[in-house]
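Have a look at the structure below before the remarks.
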Amino acid sequence: MVHTHSYKFKSLVAVLGLVQLALAGPTLSVRNTDSSATITVCADVGANCVGLPVVSDSCLDFTGGLTFLNKAVSSAVIPGGFVCTFFSQFECTSQGGDDEVVLLSGTWNFFDVPGPSSPDENFNDLASSVSCSPI
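Those letters in the sequence shown? Residues -24 to -1, 1 to 111, by mature numbering (1 follows the signal peptide of the UniProt record, and there is no 0).
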């Protein structure tokens, strides 16, 4: 015999947990991070920022709690010893050309980043995903 009250209570607790997670904003909890390294990505230069854990060679789409970053990234801070590639497409895919930028450690203003065809590329408000790894 199944106790429907117990089942309903467990379902309610699960739903409340999801609501709490959704209301918490874009804080992420990811396993297998690289030494607790994080990159900081900002929707405006130096403002509206969020710290994202570095997970080697994993793609992070700017969806869900990170939707505010989709096509809105203007700056990033990448810790020493890491390289990050920002893509204009989801799933860290590239059509080739100017739809991605590769950035080494440092503080970057996306109005002026090194691109594949120009040393001074404007990649502001173009990123939809990112992938990072240690150098």
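Every residue gets a Cβ at the ideal spot worked out from N, C-alpha and C, and that includes glycine. Computed from a prediction, not measured in an experiment: that's the story for all the values here.
Sorting A103, I111 and C108 by C-alpha distance to the C-alpha of F66 places A103 at the top. The secondary-structure analysis by DSSP pairs E76 across a beta bridge with F63.
G82 has I54 as its beta-bridge partners, per DSSP. Judged by their CB atoms, V49 and A19 are nearer to each other than the 8 Å cut-off. Shown here, L36 sits in a strand according to DSSP, grouped into three states. A straight-line Cα-Cα distance of about 14 Å links C35 and T14. Taking each of N24, V26 and V30 in turn and checking the Cα distance to S107, the smallest one comes out for V30. Here A23 is bridged, per DSSP, to D20. When secondary structure is reduced to three states using DSSP, T14 falls in the strand class. Where V106 is concerned, the enclosing beta strand (DSSP E) starts and stops at S105 to P110. In the structure shown, the three-state DSSP call for L42 is helix. In this model, F44 and L79 are separated by some 21 Å (Cα to Cα).
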